[in-house]
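Notes follow once the structure below has been shown.
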Amino acid sequence: MLSIKNLKKRFNLEAGFFAKTGQYVYAVNDVSFEVADNETYGLVGESGCGKSTTARLIVKMYEPDSGEIIFNGQNVRKLSGRALKEYRERVKYIFQDPAKSLNPRMSIFEILTCGLRYSKKWQGKQKARELAGKILCEVGLTEADLDRRPSEFSGGQRQRISIARALLMEPEFLICDEVVSALDVSIQGQILNLLQEIRQNRKLSMLFITHDLKVSCYFCDRIGVMYNGVLMEEANAKDLYKIAKHPYTKLLFASVAGEKKSDTVLHNGEKLSKAQEVKIAKSTLTACPFVERCKKAKTSCSMEMPQLVQIAPGHKVRCSELQIND
Ligand SMILES: Nc1ncnc2c1ncn2[C@@H]1O[C@H](COP(=O)(O)OP(=O)(O)OP(=O)(O)O)[C@@H](O)[C@H]1O
Ligand code: SF4
Ligand SMILES: [Mg+2]
Numbered sequence: 043m044l045s046i047k048n049l050k051k052r053f054n055l056e057a058g059f060f061a062k063t064g065q066y067v068y069a070v071n072d073v074s075f076e077v078a079d080n081e082t083y084g085l086v087g088e089s090g091c092g093k094s095t096t097a098r099l100i101v102k103m104y105e106p107d108s109g110e111i112i113f114n115g116q117n118v119r120k121l122s123g124r125a126l127k128e129y130r131e132r133v134k135y136i137f138q139d140p141a142k143s144l145n146p147r148m149s150i151f152e153i154l155t156c157g158l159r160y161s162k163k164w165q166g167k168q169k170a171r172e173l174a175g176k177i178l179c180e181v182g183l184t185e186a187d188l189d190r191r192p193s194e195f196s197g198g199q200r201q202r203i204s205i206a207r208a209l210l211m212e213p214e215f216l217i218c219d220e221v222v223s224a225l226d227v228s229i230q231g232q233i234l235n236l237l238q239e240i241r242q243n244r245k246l247s248m249l250f251i252t253h254d255l256k257v258s259c260y261f262c263d264r265i266g267v268m269y270n271g272v273l274m275e276e277a278n279a280k281d282l283y284k285i286a287k288h289p290y291t292k293l294l295f296a297s298v299a300g301e302k303k304s305d306t307v308l309h310n311g312e313k314l315s316k317a318q319e320v321k322i323a324k325s326t327l328t329a330c331p332f333v334e335r336c337k338k339a340k341t342s343c344s345m346e347m348p349q350l351v352q353i354a355p356g357h358k359v360r361c362s363e364l365q366i367n368d
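Right, here's the structure in full:
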């Protein structure tokens with residue numbers, strides 16, 4: 043259904059917080075993957091590794107520097123005007139932070155239907171209320187909630203509203219960007235169950251973005267592990283914890299098992315700061331992006347970027363040492 047090929051996007055550091063002339067962050071650096079009909083593909087990795095940028099490229103919020111995005115045979119990069127509008131109705135992006143993405147001055151009815159109002163599916167306010175009420179019930183809220191404002195809802199309920207807004211145009215593909223990260227564990231479970239029901243009932247495909255490997259193993263069909271703009275390993279979600287080969291994937295699993303957060307992992311006994319991670323991101327074109335943190339690193343790892351290689355059916359790994367030794 044969705045095919046991403048050699049997607050690249052770099053940002054000039056002048057535009058960011060760590061402003062320096064002529065330097066770049068390779069936010070998405072030659073990323074390729076496919077999502078089949080009715081499949082949920084998980085994109086997993088630490089903060090700043092390029093997950094949201096990949097999602098934003100897919101919905102054309104950003105223009106890629108190079109690469110292909112094909113959706114049901116359509117070249118997404120060439121879409122504009124009405125065709126782009128229709129594409130964005132078929133592919134919906136649920137944002138990371140429901141508190142920020144819901145306009146506090148609008149009623150839930152207005153939030154849910156503002157896209158519909160300017161589309162050719164608009165059949166008047168009464169029909170829109172019926173549809174919005176029905177979708178609110180589908181996500182576990184009630185028709186009476188249509189006249190309330192976002193501030194009257196809890197975090198979990200606001201995420202339900204974001205999901206309802208995405209469903210209103212009856213999309214075929216949902217991009218869920220850290221949709222449960224800001225929620226308590228018990229509420230996370232409820233939202234995941236809701237998404238599970240929705241994808242089954244509506245036969246949806248999903249790109250499920252998270253920094254939480256455990257959640258992605260539970261929820262997704264396949265997983266791509268990303269580090270500093272690069273896909274490091276791809277495998278079936280249910281097998282990944284048994285077959286993980288890449289040192290970074292193994293480190294993430296070790297973090298799940300023993301440490302509080304994956305970003306508390308140490309390199310040479312020191313915790314990496316955000317600034318250090320950005321520094322590493324600048325070197326991704328000429329070395330393995332993980333070389334600064336990898337216990338298996340050899341001199342050759344700093345000389346060239348390893349290729350993503352299939353080592354078993356459905357299992358790809360990017361590590362030059364593994365290709366030689368395993
Ligand atoms: N508009 C932008 N301008 C400059 N740099 C950017 C921009 N958007 C993202 N970046 C940089 O690109 C890199 C990838 O960011 P991105 O938001 O895609 O990461 P992420 O994996 O979604 O992280 P998180 O888990 O924190 O959401 C980061 O280093 C970020 O600082
Ligand atoms: S290529 Fe080298 S640095 Fe990169 S993950 Fe493999 S062993 Fe580690
Ligand atoms: Mg993000």
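Numbering (the working numbering), first residue to last: 43 to 368. We treat Cβ as the ideally placed atom computed from N, Cα and C, and that holds for glycine. If you're wondering where the values come from, they're calculated on a predicted model, not measured in any experiment.
- If you draw a straight line from the Cα of Tyr68 to the Cα of Met43, it comes to about 26 angstroms.
- For the 7 angstroms CB-CB criterion, Thr252 and Glu214 do not form a contact.
- Membership of Glu239 in any beta strand (DSSP E) is not indicated; the residue belongs instead to the alpha helix (DSSP H) covering 227 to 244.
- In this structure, the beta-carbon distance from Ala286 to Arg264 does not fall below 7 angstroms.
- With a threshold of 6 angstroms, the Cβ atom of Pro213 does not count as near ligand 2, since no heavy atom of the ligand is closer than that.
- For ligand 2, the residues with a Cβ under 7 angstroms from any of its heavy atoms are, in chain order, His288, Pro289, Tyr290, Cys330, Phe332, Val333, Cys336, Lys338, Ala339, Lys340, Cys343, Pro348, Cys361, Ser362, Glu363, Leu364.
- Separation of the CB atoms of Tyr83 and Gly266 is rounded to 7 angstroms, and the pair is thereby assigned contact status at 8 angstroms.
- Leaving aside the five residues that flank Glu275 on each side, the residues in its chain whose CB is nearer than 6 angstroms to its CB run, in chain order, Val267, His288, Thr291, Val359.
- Boundaries of the beta strand (DSSP E) around Lys51: 44 to 54.
- These are the residues, in chain order, with a beta carbon less than 7 angstroms from any non-hydrogen atom of ligand 3: Lys93, Ser94, Gln138, Asp219, Glu220, Ile251.
- Within its own chain, the residues whose Cβ lies closer than 7 angstroms to the Cβ of Gly175, once the five positions on either side in sequence are excluded, are Glu185, Leu188, listed in chain order.
- Between the alpha carbons of Arg191 and Cys156 lies a distance of about 15 angstroms.
- Lys93 and Met248 have their alpha carbons spaced roughly 14 angstroms apart.
- Here Ser108 is exposed: its Cβ has fewer than 16 other Cβ atoms, across all protein chains shown, within 10 Å.
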